[in-house]
Ligand SMILES: NC(=O)C1=CN([C@@H]2O[C@H](COP(=O)(O)OP(=O)(O)OC[C@H]3O[C@@H](n4cnc5c(N)ncnc54)[C@H](O)[C@@H]3O)[C@@H](O)[C@H]2O)C=CC1
Ligand SMILES: O=C(O)[C@H]1O[C@H](OP(=O)(O)OP(=O)(O)OC[C@H]2O[C@@H](n3ccc(=O)[nH]c3=O)[C@H](O)[C@@H]2O)[C@H](O)[C@@H](O)[C@@H]1O
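Residue numbers (our numbering): 51 to 491.
This is the structure we're talking about:
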């Protein structure tokens with residue numbers, strides 16, 4: 051099958067590459083010439099384990115191409131995937147201007163019948179609107195079918211998810227269009243769930259909102275655990291063993307970030323609001339998430355009378371491990387607060403530094419490794435649970451810091467192991483270890 055993918059963010063690039071890996075001929079189109087030049091050489095503009103190798107392999111196999119030229123990309127395409135961004139607008143609703151532009155580009159350039167597949171996360175009803183935009187702007191007399199095919203990949207595990215997803219959702223009003231998309235995806239060997247377009251659009255938002263709800267729920271439980279002397283990890287373990295609940299997405303911490311949960315929860319609240327429904331539960335989920343970062347900062351502020359002039363080592367900046375994505379990362383709010391309080395912030399992240407420098411306060415300094423960040427620090431904050439930090443000997447904090455006080459926003463260490471060291475260790479929803487008090491410091 052000849053496929054064009056428009057937009058090469060996470061979703062477009064991973065989708066295009068994986069579709070080429072299963073034998074289709076794919077042309078990825080992006081308006082960003084610099085990005086396209088890079089991708090043509092098999093270099094991914096995003097950090098995603100395994101992606102470069104897969105790109106290079108399929109570029110060499112002449113199944114994967116990159117261009118800025120819509121004409122070239124759409125030429126003879128049987129199917130066009132829309133994978134441009136749908137970022138959050140000021141009021142929380144989804145900005146559909148990129149999608150609209152692509153719809154107009156499709157209308158202008160397609161010369162043969164085509165199936166248009168929406169991968170981007172779009173509000174319910176958007177696919178009908180896209181179809182209208184295309185129909186109203188069509189230059190040639192061709193038939194265009196629309197299919198909603200929302201994406202469920204996770205950053206950092208995107209390739210794995212593409213080949214091992216739980217289901218592929220295909221929403222269509224036309225069975226033959228749905229069958230084409232089912233056929234394209236057959237080599238992945240993943241069950242296909244066929245439904246109508248509006249239900250498919252809703253499944254995406256509902257799935258993300260539900261996962262976000264699980265996180266906020268466990269975070270609230272975690273806050274209570276701290277007050278009643280329970281351990282949230284044990285609680286999550288005990289809850290998760292009930293197969294009706296499931297063990298995933300019950301890691302308490304400093305809340306969810308990234309390019310999707312924050313924007314998609316707010317967009318669903320808007321979608322509900324548009325039909326005069328108050329999605330009260332989801333509003334609470336969003337509020338709780340914002341509170342989680344404040345909770346870590348409150349603990350820190352209570353521990354130190356003042357942060358003025360204190361060296362704070364920040365370990366981890368990306369919104370989660372195995373990505374360099376800084377969108378809505380907890381580190382943004384937390385480092386801003388630290389700088390405002392006069393702290394001397396030295397941060398280290400294995401891969402997100404380049405993106406972080408574009409977003410974080412210019413007073414944040416960057417170390418090239420964990421030990422440099424920790425050197426003579428008064429306190430360490432762990433904001434992303436990279437394996438590199440999880441595997442760290444607790445002794446490294448003791449040996450390098452001025453005072454080994456650790457605030458772990460991601461529960462990287464087992465308090466029972468930490469107990470063996472002269473450190474002060476605060477995590478989320480678990481009892482603190484305060485061995486420094488034995489030393490009277
Ligand atoms: N990031 C993720 O892990 C996931 C994202 N999604 C959804 O997928 C969509 C895309 O998200 P990301 O991949 O993060 O996007 P992104 O915002 O990182 O990248 C979008 C790309 O589209 C390009 N673009 C914009 N207008 C264009 C046009 N007219 N023609 C060609 N290219 C154009 C931009 O230059 C950019 O490279 C969003 O709706 C998002 O909610 C869904 C699942 C996972
Ligand atoms: O729509 C999307 O874009 C994607 O959003 C999420 O994927 P992603 O944002 O890449 O990352 P997740 O692994 O879901 O983590 C999101 C955030 O939740 C946090 N999280 C996750 C799990 C958990 O138990 N606790 C927790 O705080 C992570 O630290 C991270 O900040 C979904 O998991 C994907 O299925 C979906 O396709």
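Think of the CB as a built atom: it goes at the ideal place given N, C-alpha and C, for glycine as much as any other residue.
Is there at least one non-hydrogen atom of ligand 2 closer than 7 Å to the beta-carbon of residue i?
| i | result |
| --- | --- |
| residue 306 | yes |
| residue 432 | no |
| residue 275 | no |
| residue 201 | yes |
| residue 458 | no |
| residue 217 | no |
| residue 309 | yes |
| residue 270 | no |
| residue 299 | yes |
| residue 221 | no |
| residue 265 | yes |
| residue 303 | yes |
Is it the case that the Cβ atoms of residue i and residue j are separated by a distance below 8 Å?
| i | j | result |
| --- | --- | --- |
| residue 347 | residue 439 | no |
| residue 578 | residue 411 | The requested residue 578 is not part of the displayed model; the chain covers only 51 to 491. |
| residue 96 | residue 399 | no |
| residue 323 | residue 269 | no |
| residue 56 | residue 132 | yes |
| residue 329 | residue 318 | yes |
| residue 316 | residue 338 | no |
| residue 484 | residue 429 | no |
| residue 389 | residue 414 | yes |
| residue 134 | residue 251 | no |
| residue 468 | residue 427 | no |
| residue 433 | residue 459 | yes |
| residue 123 | residue 77 | yes |
| residue 457 | residue 300 | no |
| residue 215 | residue 240 | yes |
| residue 138 | residue 313 | yes |
Using a Cβ-Cβ cutoff of less than 7 Å, which residues in the same chain neighbour residue i once the five nearest sequence positions on both sides are dropped?
| i | result |
| --- | --- |
| residue 379 | 307, 367, 368, 369 |
| residue 295 | 289 |
| residue 409 | 376, 382 |
| residue 471 | 444, 445, 448, 485 |
Can you tell me which of the three DSSP states residue i falls into?
| i | result |
| --- | --- |
| residue 169 | coil |
| residue 474 | strand |
| residue 457 | strand |
| residue 148 | helix |
| residue 344 | helix |
| residue 431 | strand |
| residue 327 | coil |
| residue 511 | What is shown of the chain runs 51 to 491, which leaves residue 511 out entirely. |
| residue 425 | coil |
| residue 275 | helix |
| residue 483 | strand |
| residue 126 | coil |
| residue 305 | coil |
Once the 5 residues before and after residue i are set aside, which same chain residues still bring their CB inside 6 Å of it?
| i | result |
| --- | --- |
| residue 454 | 447, 448, 473 |
| residue 450 | 421, 424, 425 |
| residue 128 | 51, 52 |
| residue 195 | 165, 224, 227 |
| residue 75 | 52, 113 |
| residue 235 | 218 |
| residue 184 | 153, 156, 157, 194 |
| residue 482 | 476 |
| residue 80 | 58, 86 |
| residue 417 | 396, 398, 423 |
| residue 259 | 315, 318, 332 |
| residue 266 | 335, 338, 339 |
Should residue i be listed as close to ligand 1, given that the test is whether its C-beta is under 7 Å from any heavy atom?
| i | result |
| --- | --- |
| residue 60 | yes |
| residue 369 | no |
| residue 71 | no |
| residue 315 | no |
| residue 260 | no |
| residue 207 | no |
| residue 135 | yes |
| residue 148 | yes |
| residue 158 | no |
Which same chain residues, not among the five before or five after residue i, have their C-beta less than 8 Å away from its C-beta?
| i | result |
| --- | --- |
| residue 283 | 302, 461, 479, 480 |
| residue 247 | 177, 178, 196, 197, 198, 221, 222, 223 |
| residue 212 | 64, 65, 68, 203, 238 |
- Message: Would you call the stretch 271-284 in contact with the stretch 218-227, where contact means no fewer than 3 C-beta pairs closer than 8 Å?
- Response: no
- Message: Does the structure place the stretch 331-348 close enough to the stretch 160-169 that three or more beta carbon pairs sit under 8 Å?
- Response: no
- Message: Would the stretch 195-208 count as touching the stretch 155-162 if we require 3 or more Cβ pairs under 8 Å?
- Response: no
- Cβ contact (3+ pairs, closer than 8 Å) linking the stretch 80-94 and the stretch 111-124: The stretch 80-94 is in contact with the stretch 111-124.
- Below 8 Å, can you find three or more Cβ-Cβ pairs linking the stretch 208-216 to the stretch 134-144? no
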